[in-house]
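In short: position in the sequence shown from 1, add 26, done, that's our numbering.
All C-beta atoms, glycine included, are put in the ideal place defined by N, C-alpha and C.
No experiment lies behind these values; they were computed from the predicted model shown.
To start, the structure under review is shown below, and the notes come after it.
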Amino acid sequence: MLRKTGEPMDPAMFDLFNQNDIKPGLEQALSDLERDFQQNKYELKRAFLDSFKQICRNTKQIQEATQPKTGFLIYHLLRTRVLQHKYTYTVMAYDKDWYLNGGIPVGEVDFSFLYKHYENLWRQLARESRKYILQFNEPDIEQIMLGCLDPFHKY
27 MLRKTGEPMD PAMFDLFNQN DIKPGLEQAL SDLERDFQQN KYELKRAFLD SFKQICRNTK
87 QIQEATQPKT GFLIYHLLRT RVLQHKYTYT VMAYDKDWYL NGGIPVGEVD FSFLYKHYEN
147 LWRQLARESR KYILQFNEPD IEQIMLGCLD PFHKY
């Protein structure tokens, strides 16, 4: 019988899936990401600097119009976007009173190129989970993938 959404996974099955599929798949995806990063780091650097310059221009225009001095910028990747397979970070500018005031959106940056191996891992785990008949459902794979996100996000 298929597990209902919200019912806990069988720990033994999860351990088996983790050992046989998640860990090796994640290691391979990160290895592929590192290889691609090293091969393309100068192009990636140029693309990042171009987007950062545009964000700085946007921040300057907002500062001239509203007068808040920007203290720092934060790049946000929203969980909902990850679940939609969209890897666009919202860039928010904050002033010295960031804890009192909300941030001001000053741009977005699409980092999909860094997440292609993450997407490959997601498809691979969704496919491999089928061999554990009726043990894993789509929300389980989503939760597993959110748990694997951090090493990709660090790039």
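On a Cα-Cα basis, can you pick out the residue from the options that is closest to residue i?
i, options, result
"S138", "L59, I48, K49, D41", "L59"
"P177", "L147, F98, T106", "L147"
"L151", "L126, H143, I167", "I167"
"M171", "D76, L52, Q45", "L52"
"Q154", "N44, M35, P34", "According to the sequence displayed, residue 154 carries Glu and not Gln. Comparing Cα-Cα distances from E154 to each of N44, M35, P34, the minimum goes to N44."
"K180", "L99, H111, L56, P94", "L56"
"F74", "N127, R105, D136", "D136"
"W124", "L99, F63, R156, Q161", "L99"
"G173", "Q65, K71, I81, R105", "R105"
If we call anything under 7 Å between Cβ atoms a contact, is residue i one with residue j?
i, j, result
"Y120", "L103", "no"
"T92", "V132", "no"
"V117", "Y141", "no"
"I88", "I130", "yes"
"Y158", "M35", "no"
"G97", "K79", "no"
Along the chain, where does the beta strand (DSSP E) that runs through residue i open and close?
i, result
"P37", "Element bounds for P37: not the beta strand (DSSP E) but the alpha helix (DSSP H), 37 to 43."
"G129", "Looking at the DSSP string, G129 is not in any beta strand (DSSP E), and its letter there is neither H nor E."
For residue i, write down the residues that DSSP places opposite it in a beta bridge.
i, result
"D136", "T114"
Unbroken stretches of the alpha helix (DSSP H), 4 residues or longer, contained in the region 138 to 181:
At a cut-off of 4 residues, the continuous stretches assigned as alpha helix (DSSP H) that sit fully inside the region 138 to 181 are 142 to 154, 164 to 173, 175 to 179.
Could you tell me which uninterrupted alpha helix (DSSP H) segments, each at least 4 residues in length, are contained entirely in the region 46 to 121, listed from first to last along the chain?
Segments of the alpha helix (DSSP H) lying fully in the region 46 to 121: 49 to 92, 105 to 109.
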